[in-house]
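Peer 1:
In UniProt numbering, the protein residues as written are 1 to 212.
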């Protein structure tokens with residue numbers, strides 16, 4: 001079984017070294033790695049937990065999220081560094097790190113920032129902005145990734161703002177509604193008391209007339 005795995009790795013390496021002119025493309029490396037181990041887009045999609053159309057989109061130029069990249073690397077038995085940049089030496093998934101986790105020294109900047117925030121660590125805003133600009137100007141596969149993430153984060157923030165605005169409006173409307181209800185109840189009580197007073201006065205008057 002080990003010899004068979006070795007042959008597969010050798011076969012993978014020979015496939016991936018072909019067409020080096022296009023190896024700056026994440027989509028190209030993904031497709032060649034998938035084809036070299038003989039699995040379909042549908043099979044890869046099942047392995048990484050996405051719909052088949054997603055893999056088709058990835059191979060067409062759409063860049064997946066960081067966690068999906070790690071799953072793809074594991075499924076295709078390649079390193080995340082090679083899959084992302086093509087500049088690192090081709091290595092099986094997981095070499096140089098625990099369980100194939102993305103190394104903080106080589107991971108894209110937006111992934112390191114995400115990990116920093118998840119760990120509750122502080123960060124330098126100016127430094128992050130400077131690095132983000134540098135990534136955007138690099139016009140690499142990381143540019144596409146960070147633009148997608150920024151747009152997704154911005155949309156999430158806008159949705160959160162809209163939700164907060166909606167909640168504030170609902171609280172205002174609810175408070176106004178309860179205030180109107182309290183006023184209406186107070187008015188009804190006052191009218192009810194006035195009616196009782198009138199009935200009592202009428203009865204007293206009738207009694208007075210009868211005794212007179």
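Virtual Cβ for every residue (Gly too), placed ideally from N, Cα, C.
As the structure is a computational prediction, the values presented were derived from the model and not from experiment.
#1: Hey, how far is the Cα of residue 86 from the Cα of residue 153?
#2: Any idea what DSSP makes of residue 161, helix, strand or coil?
#3: Does DSSP classify residue 40 as helix, strand or coil?
#4: Rounding to the nearest angstrom, what Cα-Cα distance links residue 53 and residue 129 in this structure?
#5: Per DSSP, what kind of secondary structure is residue 207 in: helix, strand or coil?
#6: Would DSSP call residue 53 helix, strand or coil?
#7: Under a three-way DSSP split, which group does residue 77 fall into?
#8: Taking the alpha carbon of residue 147 as the reference point, which residue from 64, 55 and 38 has its own alpha carbon closest?
#9: Is residue 142 buried or exposed, if buried means 16 or more other CB atoms sit within 10 Å of its CB?
#10: To the nearest angstrom, how far is it from the Cα of residue 99 to the Cα of residue 174?
#11: What is the DSSP secondary structure of residue 143, counted as helix, strand or coil?
#12: By the 10 Å Cβ neighbour count, where 16 or more other Cβ atoms means buried, how is residue 59 classified, buried or exposed?
#13: Please state whether the Cβ-Cβ distance between residue 51 and residue 68 is less than 8 Å.
#14: Using 8 Å for Cβ pairs, my map puts residue 33 next to residue 76. What's the rounded Cβ distance?
#15: Please classify residue 201 as buried or exposed, where buried requires at least 16 other C-beta atoms within 10 Å of its C-beta.
#16: Who are the near neighbours of residue 48 in its chain, counting only those whose CB is closer than 7 Å to its CB and skipping five residues on each side?
#17: Count the other CB atoms, across all protein chains shown, that sit within 10 Å of the CB of residue 188; report buried if there are 16 or more and exposed otherwise.
#18: In terms of alpha-carbon separation, which member of 38, 30 and 196 lies closest to residue 80?
#19: Around the C-beta of residue 66, are 16 or more other C-beta atoms found within 10 angstroms, so that it is buried, or is it exposed?
#20: Looking at the structure shown, is residue 46 part of a helix, part of a strand, or coil, going by DSSP?
#21: Determine the burial state of residue 56: buried for a count of at least 16 other Cβ atoms within 10 Å of its Cβ, exposed for fewer.
Peer 2: Result, derived from the coordinates:
#1: Distance from the CA atom of residue 86 to the CA atom of residue 153, rounded to whole angstroms, is 27 Å.
#2: Looking at residue 161 - three-state DSSP - the assignment turns out to be helix.
#3: Residue 40: coil per DSSP, three-state reduction.
#4: Using only the alpha carbons, I get a separation of about 34 Å.
#5: If DSSP states are grouped into helix, strand and coil, residue 207 belongs with the helices.
#6: Of the three classes helix, strand and coil, the one that applies to residue 53 here is helix, per DSSP.
#7: Looking at residue 77 - three-state DSSP - the assignment turns out to be coil, as it is neither helix nor strand.
#8: Shortest Cα-Cα distance from residue 147 to any of 64, 55 and 38 involves 64.
#9: Buried.
#10: Confidence at residue 99 is low in this model, with a pLDDT of 35, below 50, so the placement of that residue should be treated as unreliable; the coordinate-derived value is given next. So the alpha carbons of these two residues sit roughly 52 Å apart.
#11: The three-state reading of DSSP puts residue 143 in helix, counting H, G and I together.
#12: Residue 59 is classed as buried because its beta carbon has at least 16 other beta carbons within 10 Å across all chains shown.
#13: Not a contact, by the Cβ cut-off of 8 Å.
#14: Right, their Cβ atoms sit about 4 Å apart.
#15: Exposed: under 16 other Cβ atoms inside 10 Å.
#16: Within the same chain, Cβ atoms closer than 7 Å to the Cβ of residue 48 are found at 68, 71, 72 and 75, the five residues on either side in sequence being excluded.
#17: Under the 10 Å beta carbon count, residue 188 is surrounded by fewer than 16 other beta carbons and is classified as exposed.
#18: Per the Cα distances, 30.
#19: With 16 or more other Cβ atoms from the protein chains shown falling within 10 Å of its own Cβ, residue 66 counts as buried.
#20: Residue state, collapsed to three classes: helix.
#21: Exposed: under 16 other Cβ atoms inside 10 Å.
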